[in-house]
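First the structure, in the form of structure tokens, and then the observations on it.
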Amino acid sequence: MRNLWLLLQRNAFALAFIALMALSLSVLFRNSGAARSSWYRQTGSIASRVEQQRSQWSNYLHLSEQNTRLARENAALRSRLLSMEITGDWRVDSLRGWGVREGTLIKGPDGTPHSFALASPGEDGAISPGMGVLAGGSAYGTVEDVGEAHCRILTLMHAASHWSCRIGRNGPVASLSWDGKDMGRLLLEDVPRHVMAEAGDTVFTSGYDLRFPPGIPMGFVLSTDRTSGADFVSIDVDPAVDFRTTRYIDIILSRSDSERVELALPQDLP
Amino acid sequence: MTVLRIILLVVLQALMLRDVAPFGEWTQPQWALWALLLIPPHSGPFGKLIAGFAMGLGLDLAMGSYGQHMVAGTLLGGVLPTLHRLLAPREGYEVTHQPTLRDMGSTWMLGYLFLSALIYHLALMVVSHWYWHLIPSAFLPALTSAMFTTLCCLMLHMMVYAPERRKSGI
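Here the protein sequences line up with chains S and R, keeping their order. Anchor point for the first sequence: position 266 equals 268 in the numbering used here, and the numbering is continuous, going up by one each time. Anchor point for the second sequence: position 74 equals 121 in the numbering used here, and the numbering is continuous, going up by one each time.
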């Protein structure tokens, strides 16, 4: 302890200089847009490179786990296929017009209320803002911003996001959000009191927000809070995706997107 | 005394002298530097550092530049002890030595003023431009501004200290 004190005393001037310089730079970054932008650009690119490298190592080290998971998934699919009776030809439904492109997560949400996920590809993979993102066949988020080779994803784990969903395949539509606290719990609010949701019921995308096709799983009902006297109930939902371990994603490309968006625009009616 | 000088020069620069730049960005003097550079060489390094920081803070508050002068002032305040050490005469500084023409001579004074002004202006240049591709074009104006600041500080110095020298010469 005494040695530490002596060391601090010996370097007091350098420490004071660093402290005052840090204070000055923080004032500068807080108030100067150019300085702040330059700083974020530099640190962002370094962080992205480090994260990419770390992710490569992590992927390599988890290959055996992923192989096991894929083998299990294959087995499950094969069992389903074997138990199916295929009577007709497979056809692509051109009217629905949804396609999927694979992508890789570089950074996932970290549990803070306003964190984003980063993934590749970006513009080089024909990705554009507004596209839905799936992970393991369940809703993961939506593309928020696109760079040359990467895109930023607004996930279900963002406290400012709201997602249109349906309880069960034919149930009422409600808004799903996250309170920014527990990564294992989403919240369905303002659900009419008469709706009977049981623990374990699946929550699907409604398709109303044009980012996802309808019927994509978003989570499973955990519990229902029926406060006496209230007209609406809140429902806790267990997300279908594990946001901490997801590595691979599917980005939904809507082939007739422009038509949907155009028709969804508000119209001036007489 | 140093505190009063810094306050006076900061107020003067912010209120009256901020537009004195005959050739625009090529000659933008920092008058307040003179107050900082008058700190005696034998005074403690912490005093110099704090004075540099305070001068920058004062300039930022008075001129609304939000941190640019703080960074440059802190850097100069931190470098000042090293600069004094590097420019010290062979036999060292006397306790009574002040950074004036009379005590240190014109060569020392010119070198000291120019090096300090150059450090300050280069720091200001970096924090006001930030992007690497903009910095080469800003280097020359920083250099000429440092020269002009040296000239202005010398002028101030002559105005304040010349009468005393004349008296002592009699």
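Think of the CB as a built atom: it goes at the ideal place given N, C-alpha and C, for glycine as much as any other residue. This structure is a prediction, so every number in the text was calculated from the model and none was measured.
(message) Could you compute how far the alpha carbon of residue 190(R) sits from the alpha carbon of residue 208(R)?
(response) 27 angstroms
(request) Taking all protein chains shown into account, decide if residue 167(R) is buried (16 or more other Cβ within 10 angstroms of its Cβ) or exposed. (result) Buried: at least 16 other Cβ atoms inside 10 Å.
(request) Have a look at residue 188(R) and residue 68(R) and give me their C-alpha separation to the nearest angstrom. (result) 12 angstroms
(request) With a 10 Å radius around its C-beta and 16 neighbouring C-beta atoms as the bar for buried, classify residue 247(S) as buried or exposed. (result) Flag for residue 247(S) reads exposed.
(message) Can you give me the C-alpha to C-alpha distance between residue 41(S) and residue 33(S), rounded to a whole angstrom?
(response) Going by the C-alpha atoms only, they are around 13 angstroms apart.
(request) Residues of the stretch 30 to 58 of chain S with a CB closer than 7 angstroms to any CB of chain R: list them in chain order, please. (result) 30, 33, 34, 36, 37, 40
(message) Can you confirm whether residue 15(S), when its beta carbon is compared against all beta carbons of chain R, has any partner nearer than 9 angstroms?
(response) yes
(message) Determine, for residue 183(R), whether the minimum Cβ-Cβ distance to residues of chain S falls below 9 angstroms.
(response) no
(request) Give me the Cβ distance between residue 199(S) and residue 226(S), rounded to the nearest whole Å; I'm assuming they're in contact under 8 angstroms. (result) 6 angstroms
(message) Can you tell me whether residue 194(S) is buried or exposed? The criterion is at least 16 other CB atoms within 10 Å of its CB, across all chains shown.
(response) exposed
(message) Less than 9 angstroms between CB atoms is the rule here; does residue 25(S) satisfy it with respect to chain R?
(response) yes
(request) Could you list which residues in chain S have their beta carbon closer than 8 angstroms to that of residue 115(R), in chain order? (result) 30, 34
(request) Give a yes or no on whether the minimum CB-CB distance between residue 89(R) and chain S is below 9 angstroms. (result) no
(message) For residue 147(R) and residue 94(R), what's the separation of their Cα atoms in angstroms?
(response) In a straight line, the C-alpha of residue 147(R) is about 19 angstroms away from that of residue 94(R).
(request) For residue 56(S), count neighbouring Cβ atoms within 10 angstroms of its own Cβ and tell me buried if that reaches 16, exposed if not. (result) Residue environment: residue 56(S) is assigned as exposed (fewer than 16 neighbouring CB atoms within 10 Å of its CB, all protein chains considered).
(message) Give me, in chain order, the residues of the same chain whose beta-carbon lies closer than 8 angstroms to that of residue 174(S); leave out the 5 immediate sequence neighbours on both sides.
(response) 168, 193, 194, 197
(request) Give every residue of the same chain whose Cβ lies closer than 6 angstroms to the Cβ of residue 136(S), excluding the five residues on either side of it in the sequence, and list them in chain order. (result) Excluding five sequence positions before and after residue 136(S), the CB atoms of its chain that fall closer than 6 angstroms to its own CB belong to 142, 252, given in chain order.
(message) Taking beta-carbon pairs under 7 angstroms, can you tell me which members of the stretch 162 to 195 of chain R lie near chain S?
(response) The residues in question are 174, 177, 178.
(message) Check for me: the beta strand (DSSP E) holding residue 194(S) runs from which residue to which?
(response) 188 to 194
(request) Please check if any C-beta of chain R sits within less than 9 angstroms of the C-beta of residue 22(S). (result) yes
(request) Below 6 angstroms CB to CB, which residues in the same chain sit around residue 93(S) once its five sequence neighbours on both sides are set aside? (result) Because the pLDDT of residue 93(S) is 45, which lies under 50, any placement of that residue in the model is unreliable, and the number read from its coordinates should be weighed accordingly. Excluding residues within five positions, none has a Cβ falling inside 6 angstroms.
(request) Run the CB neighbour count on residue 60(R), radius 10 Å, all protein chains shown included, and call it buried at 16 or more, exposed below. (result) buried
(request) Please list, in chain order, all residues of the same chain as residue 96(R) whose beta carbon is under 6 angstroms from its beta carbon, the five residues on each side excluded. (result) Same-chain partners within the cutoff: 124, 125.
(message) Going residue by residue through the stretch 106 to 154 of chain S, where are the continuous beta strand (DSSP E) segments of at least 3 residues, counting only ones entirely within it?
(response) 119 to 122, 134 to 137, 140 to 148
(request) Tell me where the alpha helix (DSSP H) around residue 105(R) begins and ends. (result) 92 to 110
(request) Assuming residue 202(S) and residue 222(S) form a contact by the criterion Cβ under 8 angstroms, report the distance between their Cβ atoms to the nearest whole angstrom. (result) Cβ-Cβ separation between residue 202(S) and residue 222(S): approximately 6 angstroms, consistent with a contact (criterion under 8 angstroms).
(request) Check residue 54(R) in the structure and name its three-state DSSP category. (result) helix
(message) According to DSSP, is residue 124(R) part of a helix, a strand, or is it coil?
(response) DSSP places residue 124(R) in the helix class (H, G or I) of the three-state scheme.
(message) Just to confirm the assignment, what range does the beta strand (DSSP E) spanning residue 179(S) have?
(response) 175 to 179
(request) Out of 124(S), 10(S), 71(S), 159(S), point me to the one whose CA is closest to residue 113(S)'s CA. (result) 159(S)
(request) Mark residue 105(R) as exposed unless 16 or more other C-beta atoms lie within 10 angstroms of its C-beta, in which case mark it buried. (result) buried
(message) Quick check: what's the CA-CA separation for residue 173(R) versus residue 43(S)?
(response) 16 angstroms
(request) Can you say whether residue 213(S) is buried or exposed, counting buried as having 16 or more other CB atoms within 10 angstroms of its CB? (result) buried
(message) So residue 18(S) contacts chain R; which residues on that side make the cut at Cβ distance below 7 angstroms?
(response) 93, 96
(message) Is the separation between the beta-carbon of residue 108(S) and that of residue 47(S) shorter than 9 angstroms?
(response) no
(request) Please confirm if residue 118(R) has its CB atom under 9 angstroms from at least one CB of chain S. (result) yes
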